[in-house]
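As structure tokens, the structure follows; a few thoughts come after it.
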Amino acid sequence: MNIKKIFNLIMAIIFVFSLFGMPVSVLAQEPQPSLSLNIIEYPTILSGQAAGITIAPDGSAWFAEWGSPMVGRITTDGTVTEFYNGCNSVDTILGPDGNIWFTGMLYGDPPGGYLGRITPDGSVTKFQIPTQYQFSPSNLTLGPDGNIWFTEGSGLIGMFTMDGSFTEYPGYVDTPSGITAGPDGNLWYTGYGNSMIAKITLDGQVSLYPVPSGGANPTDIVTGPDGNLWFVEYWGPSVGRITPDGVITEYPLSSGYGTTAITVGTDGNLWFAEPWNDKIGRITTSGVMTEYSLPAGSAPSQLAASPDGSIWISLSGSHKIARILVDQPPVADAGIDQTVFAGQSVTLSTSASSDPDGGALTYAWDLNNDGQYDDASGVTAAISFNQIGDHIIGLRVTNDGGLSDTDTVTVTVLPWTLKGFLQPVDMNGVYNIIKGGSTVPLKFEIFAGSTELADIAYIKSFTYAQTSCDTNAITDEIETTATGDTSLRYDAASGQFIYNWKTPNTAGKCYRVTLTTFDNSILAAYFKLK
């Protein structure tokens, strides 16, 4: 074996170790403090090192095993079943046919590389890839074309159709590793050996994007919930983000240790494995990072998010499978939009809010739309509005883990119906003729829908102002006057409000009298004094 082959073999061994989180060498560093996490470590010790893991439709997790000719399945109650597949395996995915697919490797000269399929009952079929190479193939993903795409240690990117045919494309990177379907309809993969992120179209056209830090050795890659690609670095050590147009941002780990795998949680964050220091990390799409400690010696290497919110982890150090129970945010539900009349009380309810984990909830309301949830608390809140139009009510629900969700409900406030002014006053622009200093009864009714209102508190104001006399306007004499000074009352016998307006002693002048209710509805009448 010549020097070049020896070097390539050494690099391939290091690369495979990186997939499982087995340290080759590392500078001694003090671990940084991290938060605790609710973790279930299942006691079964596997035949090999747990590797790539994926979730089946029934909620069980299937995992590859390195160092053992097995593929394993574990249920949520911890029952482990191992199926013989005849080769070391690196990664698993759920295929378009409902079966689990894995990448498999055989030692020997020449070496053997396979794509494998295992049915739910454990029946295995293997398909040998065209180009044989040490430690190849490695990772795989389901492409947007419905085919299985995979990376090969030889530098190739492979594609496998469900009818059993292979196509291989040059990857133009050193030791392709992680691969994922991108948000742009292409496949994205990492170049472990030369610190590259690459994009390949469905017809094999490749674009390359160097990782800025250099020497980072990116391993896994996934499409994030923000429409970007996220990747992890084995030697960076950072979590990276690359936009579909190729702009890369790196977020260094506080601990200084490398990462091997990344997945998208149902909480909208990205979760990654830190095998060097027995941690799982979480990073938001804005780059806020949190680390969680696992038992010493776990060496988490690969992980997968379950629809139930949990994260399954392959522990290559302890040869076990673990599951972390991620506190899911609550679901806020402020209820259906409501329509009421001005002044009518409306009761809002958040009884449909829920917590996926069954935790206790607290509630806070923003009733005045100022962005502060400090106006009411509790499952219900009551409020009334005099202002006509749409009012946005905010609700914030918080669970006992401190996670929150918000929702809004719209309360549409309709105006009151004003009837009047009634006789003896004429409306519609008519100028009512009355002797100055006399008192005229302004009679009216107020309705909120079909409900008649009878409280003078609904009256916001009565005003009068001198106005120009319209010589072309229709005029009419006031036939009935009242006595006394200006006053307002509700007359239950007639079912009317009566505002007795004592007119000014200004003969020849014209006035506009305006009634305004608290919903800002108005009535207006014109008078000419004689």
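In short: position in the sequence shown from 1, add 264, done, that's my numbering.
A virtual CB, placed ideally from N, CA and C, is assigned to each residue, including glycine.
On a predicted model such as this, the values are computed, not experimentally measured, just so you know.
- G457 sits buried, since 16 or more C-beta atoms from the chains shown fall within 10 Å of its C-beta.
- Scanning its chain for C-beta atoms nearer than 6 angstroms, with the 5 sequence neighbours on each side dropped, one finds around K463 the residues N450, W452 and S471, in chain order.
- The secondary-structure analysis by DSSP pairs Q760 across a beta bridge with D755.
- Contact check for L406 against L466 fails: the beta carbons are separated by 9 angstroms or more.
- Looking from the CA of S613, the closest CA among G693, L631, F605 and G607 belongs to L631.
- In this structure, DSSP gives I600 a state outside helix and strand, which the three-state scheme calls coil.
- The bridge partners DSSP lists for W499 come to none.
- Secondary structure note for F414: its beta strand (DSSP E) is the uninterrupted segment I412 to T415.
- In the DSSP assignment, W540 falls outside any beta strand (DSSP E), carrying neither H nor E.
- Proximity to D341 across I304, G658 and M369 peaks at I304, based on C-alpha coordinates.
- Ranking V677, G479 and G623 by CA distance to the CA of G713 puts V677 first.
- Looking at D572, W540, A568 and I547, the one whose alpha-carbon comes closest to that of A560 is W540.
- The C-beta separation of G336 from L310 comes to about 6 angstroms, placing the pair in contact by the 8 angstroms criterion.
- Note that the stretch 647-661 touches the stretch 597-617; at least 3 beta-carbon pairs, one per stretch, sit closer than 8 angstroms.
- Residue state for I720 is assigned as helix, using DSSP reduced to three classes.
- Where S324 is concerned, there is no enclosing beta strand (DSSP E), because DSSP gives it neither an H nor an E.
- Beta-bridge partners assigned by DSSP to E741: I697.
- Within its own chain, the residues whose Cβ lies closer than 8 angstroms to the Cβ of I575, once the five positions on either side in sequence are excluded, are T527, G529, W535, I544, L567, A568, A569, R587, I588 and V590, listed in chain order.
- Taking a contact to require three or more Cβ pairs closer than 8 angstroms, the stretch 767-775 and the stretch 699-711 qualify as touching.
- Look at the beta carbons and you see the stretch 384-400 touching the stretch 408-422: at least three pairs across the two are nearer than 8 angstroms.
- Counting the other Cβ atoms within 10 Å of the Cβ of Y348 gives fewer than 16, which makes it exposed.
- Counted as a single uninterrupted DSSP element, the beta strand (DSSP E) harbouring W452 occupies residues L451 to G455.
- Pairing Y473 with I443 gives a Cβ-Cβ distance that is not under 9 angstroms.
- Within the same chain, and ignoring the five residues on either side of Y790 in sequence, the residues whose Cβ sits closer than 6 angstroms to its Cβ are Y695 and R776.
- Between T389 and G376, the gap from beta carbon to beta carbon reaches 9 angstroms or more.
- Beta bridge pairing from DSSP links V595 with S618.
- Distance from D669 to P594 at the Cβ level is roughly 5 angstroms; contact confirmed, criterion being Cβ atoms closer than 8 angstroms.
- With respect to the 9 angstroms criterion, P508 and S519 are not classified as neighbours on the basis of their beta carbons.
- Exposure of N302 is indicated by the presence of fewer than 16 other C-beta atoms within 10 angstroms of its C-beta.
- Look at M426 here: in three-state DSSP terms it is coil, with no helix or strand label.
- Distance from the CA of D690 to the CA of A645, rounded to the nearest whole angstrom, comes to 44 angstroms.
- The C-beta of S751 has fewer than 16 other C-beta atoms within 10 Å across all chains shown, which makes the residue exposed.
- Taking 8 angstroms as the upper bound for CB-CB distance, W330 and N352 are in contact here, some 5 angstroms apart.
- In this structure, Q469 is the residue among D448, F414, Q469 and Q730 with its C-alpha nearest to the C-alpha of Y436.
- If you draw a 10 Å sphere on the C-beta of P482, you find 16 or more other C-beta atoms in it, and that means buried.
- Every candidate alpha helix (DSSP H) stretch fails here, since none sits fully inside the stretch 342-409 while reaching 4 residues.
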